[in-house]
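Some notes on the structure that comes next.
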Amino acid sequence: MMRFVFTLLVGLLLAGCATSRDDSLAPKTVNHVDLKRYQGTWYELARLPMYFQRNCAQSEARYTLLPEGNVAVLNRCLTPEWKWEEARGTATPQVTGKTDKLWVQFDNWFSRLLPGATKGDYWVLYVSDDYKTAIVGNPNRRYLWLLSRTPEVNETVREELLSKARQQGYDTTRLIWRVSDSAMAKTSK
(Lines of atoms letter the chains of each structure in order from A and count residues from 1; the text may use other names and numbers.)
(Lines give C-alpha, C1' and ligand atoms only; values in the text may rest on other atoms or scores of the structure.)
Protein backbone atom coordinates (compact mmCIF):
# COMPACT_ATOMS: atom_id res chain seq x y z
CA MET A 1 0.00 0.00 0.00
CA MET A 2 2.76 2.42 0.95
CA ARG A 3 4.52 1.70 -2.34
CA PHE A 4 1.30 2.46 -4.27
CA VAL A 5 0.85 5.82 -2.52
CA PHE A 6 4.51 6.74 -2.93
CA THR A 7 4.56 5.96 -6.65
CA LEU A 8 1.24 7.76 -7.10
CA LEU A 9 2.75 10.90 -5.57
CA VAL A 10 5.96 10.67 -7.54
CA GLY A 11 3.94 10.33 -10.75
CA LEU A 12 1.85 13.39 -9.95
CA LEU A 13 4.95 15.33 -8.93
CA LEU A 14 6.66 14.52 -12.21
CA ALA A 15 3.50 15.41 -14.12
CA GLY A 16 3.41 18.76 -12.37
CA CYS A 17 7.07 19.44 -13.12
CA ALA A 18 6.68 18.58 -16.80
CA THR A 19 3.53 20.58 -17.30
CA SER A 20 3.59 23.28 -19.92
CA ARG A 21 1.79 26.44 -18.87
CA ASP A 22 1.44 27.80 -22.40
CA ASP A 23 -2.36 27.81 -22.45
CA SER A 24 -2.44 28.15 -26.23
CA LEU A 25 -0.95 24.64 -26.52
CA ALA A 26 -2.79 23.07 -23.59
CA PRO A 27 -5.98 21.06 -24.02
CA LYS A 28 -9.25 22.92 -23.55
CA THR A 29 -11.19 22.37 -20.36
CA VAL A 30 -14.94 22.53 -19.84
CA ASN A 31 -14.65 25.95 -18.11
CA HIS A 32 -17.00 24.97 -15.27
CA VAL A 33 -17.70 21.78 -13.35
CA ASP A 34 -20.60 21.53 -10.93
CA LEU A 35 -18.66 19.83 -8.15
CA LYS A 36 -21.87 18.89 -6.36
CA ARG A 37 -22.95 16.87 -9.41
CA TYR A 38 -19.41 15.63 -10.07
CA GLN A 39 -19.01 14.08 -6.64
CA GLY A 40 -19.61 10.37 -6.22
CA THR A 41 -17.98 7.32 -7.80
CA TRP A 42 -16.35 7.37 -11.22
CA TYR A 43 -15.04 4.21 -12.87
CA GLU A 44 -11.96 4.38 -15.04
CA LEU A 45 -12.81 3.00 -18.46
CA ALA A 46 -9.33 3.64 -19.88
CA ARG A 47 -6.13 5.53 -19.11
CA LEU A 48 -2.83 6.38 -20.68
CA PRO A 49 0.01 4.34 -19.14
CA MET A 50 1.14 5.57 -15.73
CA TYR A 51 3.81 4.08 -13.54
CA PHE A 52 1.76 4.25 -10.37
CA GLN A 53 -1.16 2.42 -11.99
CA ARG A 54 0.95 -0.28 -13.62
CA ASN A 55 -0.62 -3.02 -11.47
CA CYS A 56 -4.21 -1.80 -11.76
CA ALA A 57 -6.70 -4.00 -13.57
CA GLN A 58 -9.63 -1.83 -12.46
CA SER A 59 -9.61 1.63 -10.93
CA GLU A 60 -12.21 3.94 -9.49
CA ALA A 61 -12.28 7.32 -7.83
CA ARG A 62 -14.71 8.60 -5.23
CA TYR A 63 -15.09 12.35 -4.87
CA THR A 64 -16.81 14.07 -1.97
CA LEU A 65 -17.44 17.82 -1.93
CA LEU A 66 -16.14 19.40 1.27
CA PRO A 67 -17.74 22.43 2.97
CA GLU A 68 -14.91 24.81 1.98
CA GLY A 69 -15.27 23.92 -1.72
CA ASN A 70 -12.42 21.42 -1.98
CA VAL A 71 -13.00 17.80 -2.92
CA ALA A 72 -11.96 14.74 -0.90
CA VAL A 73 -10.45 12.09 -3.19
CA LEU A 74 -10.34 8.33 -2.67
CA ASN A 75 -8.62 6.47 -5.49
CA ARG A 76 -8.90 2.69 -5.47
CA CYS A 77 -7.03 0.21 -7.63
CA LEU A 78 -7.90 -3.47 -7.93
CA THR A 79 -4.87 -5.57 -8.83
CA PRO A 80 -5.07 -8.76 -10.92
CA GLU A 81 -4.66 -10.61 -7.59
CA TRP A 82 -7.98 -9.07 -6.41
CA LYS A 83 -6.30 -6.80 -3.85
CA TRP A 84 -7.46 -3.21 -3.40
CA GLU A 85 -4.87 -0.46 -3.05
CA GLU A 86 -6.06 2.99 -1.97
CA ALA A 87 -4.81 6.56 -1.92
CA ARG A 88 -6.60 9.47 -0.24
CA GLY A 89 -6.15 13.11 -1.05
CA THR A 90 -7.73 16.47 -1.71
CA ALA A 91 -8.48 18.34 -4.91
CA THR A 92 -8.48 22.14 -4.81
CA PRO A 93 -9.24 24.64 -7.57
CA GLN A 94 -6.11 26.02 -9.24
CA VAL A 95 -7.89 29.36 -9.58
CA THR A 96 -10.37 30.50 -6.95
CA GLY A 97 -13.91 30.22 -8.28
CA LYS A 98 -12.96 28.00 -11.26
CA THR A 99 -13.69 24.30 -10.99
CA ASP A 100 -12.37 22.84 -14.26
CA LYS A 101 -8.67 22.87 -13.30
CA LEU A 102 -7.82 21.31 -9.97
CA TRP A 103 -4.70 20.46 -8.02
CA VAL A 104 -4.76 17.00 -6.47
CA GLN A 105 -2.54 16.21 -3.52
CA PHE A 106 -2.51 12.87 -1.76
CA ASP A 107 -2.20 12.64 2.00
CA ASN A 108 0.86 10.69 3.07
CA TRP A 109 4.27 11.19 4.63
CA PHE A 110 5.79 12.38 1.35
CA SER A 111 3.26 15.17 0.84
CA ARG A 112 3.59 16.20 4.48
CA LEU A 113 7.37 16.34 4.04
CA LEU A 114 7.14 18.49 0.89
CA PRO A 115 3.81 20.33 1.04
CA GLY A 116 2.84 21.91 -2.25
CA ALA A 117 5.52 20.07 -4.20
CA THR A 118 3.51 16.91 -4.70
CA LYS A 119 0.35 18.22 -6.29
CA GLY A 120 -0.70 17.15 -9.77
CA ASP A 121 -2.91 18.67 -12.44
CA TYR A 122 -6.47 17.37 -12.77
CA TRP A 123 -8.11 19.08 -15.73
CA VAL A 124 -11.69 18.23 -16.62
CA LEU A 125 -11.68 18.24 -20.42
CA TYR A 126 -15.21 16.95 -20.91
CA VAL A 127 -18.21 16.07 -18.78
CA SER A 128 -21.50 14.96 -20.29
CA ASP A 129 -24.61 17.04 -19.61
CA ASP A 130 -25.96 14.28 -17.36
CA TYR A 131 -22.61 13.89 -15.52
CA LYS A 132 -22.39 10.21 -16.49
CA THR A 133 -19.13 10.35 -18.47
CA ALA A 134 -16.05 12.53 -18.25
CA ILE A 135 -12.56 12.95 -19.65
CA VAL A 136 -9.74 14.13 -17.40
CA GLY A 137 -6.19 14.91 -18.41
CA ASN A 138 -3.25 17.13 -17.72
CA PRO A 139 -1.82 20.05 -19.70
CA ASN A 140 1.08 18.18 -21.33
CA ARG A 141 -1.18 15.32 -22.49
CA ARG A 142 0.92 12.72 -20.70
CA TYR A 143 -2.02 11.55 -18.59
CA LEU A 144 -5.60 10.86 -19.60
CA TRP A 145 -8.55 9.10 -18.00
CA LEU A 146 -11.87 8.20 -19.62
CA LEU A 147 -14.41 7.99 -16.79
CA SER A 148 -17.96 6.77 -16.36
CA ARG A 149 -20.48 6.34 -13.57
CA THR A 150 -20.71 2.70 -14.64
CA PRO A 151 -17.85 0.19 -15.12
CA GLU A 152 -18.83 -0.32 -18.77
CA VAL A 153 -20.35 1.81 -21.53
CA ASN A 154 -21.80 0.95 -24.91
CA GLU A 155 -19.78 1.25 -28.12
CA THR A 156 -21.37 4.59 -29.09
CA VAL A 157 -20.36 6.26 -25.82
CA ARG A 158 -16.90 4.70 -25.99
CA GLU A 159 -16.33 6.07 -29.51
CA GLU A 160 -17.63 9.49 -28.47
CA LEU A 161 -15.12 9.65 -25.60
CA LEU A 162 -12.28 8.48 -27.85
CA SER A 163 -13.17 11.09 -30.47
CA LYS A 164 -13.23 13.89 -27.91
CA ALA A 165 -9.86 12.79 -26.51
CA ARG A 166 -8.31 12.67 -29.99
CA GLN A 167 -9.70 16.15 -30.76
CA GLN A 168 -7.79 17.38 -27.69
CA GLY A 169 -4.55 15.92 -29.08
CA TYR A 170 -4.28 12.77 -26.95
CA ASP A 171 -2.84 9.54 -28.38
CA THR A 172 -5.71 7.13 -27.77
CA THR A 173 -3.87 4.21 -29.39
CA ARG A 174 -1.90 3.84 -26.13
CA LEU A 175 -4.91 3.61 -23.84
CA ILE A 176 -5.07 0.81 -21.30
CA TRP A 177 -8.65 -0.40 -20.93
CA ARG A 178 -10.36 -1.59 -17.76
CA VAL A 179 -10.25 -5.37 -17.31
CA SER A 180 -13.81 -6.66 -17.15
CA ASP A 181 -15.08 -8.55 -14.12
CA SER A 182 -15.50 -11.71 -16.23
CA ALA A 183 -11.90 -11.49 -17.48
CA MET A 184 -10.71 -10.92 -13.90
CA ALA A 185 -12.63 -14.01 -12.78
CA LYS A 186 -11.02 -16.13 -15.51
CA THR A 187 -7.49 -15.10 -14.50
CA SER A 188 -8.10 -15.89 -10.82
CA LYS A 189 -9.05 -19.53 -11.51
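For the sequence shown, my numbering assigns the number 1 to the initial residue and increments by one for each residue that follows.
Glycine included, C-beta positions come from ideal geometry on N, C-alpha and C.
- For H32, same chain residues with a beta-carbon under 8 Å away, outside a window of 5 residues either side, are K98, T99 and D100 in chain order.
- With fewer than 16 other Cβ atoms from the protein chains shown falling within 10 Å of its own Cβ, W84 counts as exposed.
- Across the set D34, Q58, Y63 and Y51, the C-alpha of Q58 shows the shortest separation from the C-alpha of L45.
- If you compare the alpha carbons of N140, L78, E152 and S180 with that of Y170, the shortest gap goes to N140.
- The alpha-carbon of L65 is positioned some 30 Å away from that of T156.
- The C-beta separation of N70 from A61 comes to about 15 Å, leaving the pair out of contact by the 8 Å criterion.
- Along the length of the stretch 135-160, whole beta strand (DSSP E) runs at least 3 residues long occupy 144-148, reported in chain order.
- According to the DSSP assignment, Y43 belongs to the beta strand (DSSP E) that extends over G40 to R47.
- Ranked by Cα distance from V179, the options L25, R47, G40 and A87 are led by R47.
- Taking C-beta separations shorter than 7 Å and ignoring five residues to either side along the sequence, the partners of R174 in its chain run L48 and P49, following chain order.
- Nearest C-alpha to L146 among T79, D129, T172 and V104: T172.
- Assignment of A87 by DSSP, reduced to helix, strand and coil, places it in the strand class.
- The bridge partners DSSP lists for Y122 are L102.
- DSSP, reduced to helix, strand and coil, places L66 outside both helices and strands of the structure shown, so it counts as coil.
- Within 10 angstroms of the beta-carbon of L25 lie fewer than 16 other beta-carbons, which makes it exposed.
- With fewer than 16 other Cβ atoms from the protein chains shown falling within 10 Å of its own Cβ, V95 counts as exposed.
- Annotation for L74: the continuous beta strand (DSSP E) segment containing it runs V71 to L78.
- Contact check for T29 against W123 passes: the beta carbons are separated by less than 8 Å.
- Taken atom to atom, the span from the alpha-carbon of V136 to that of Q53 is near 15 Å.
- In this structure, the beta-carbon distance from V127 to Y38 falls below 8 Å.
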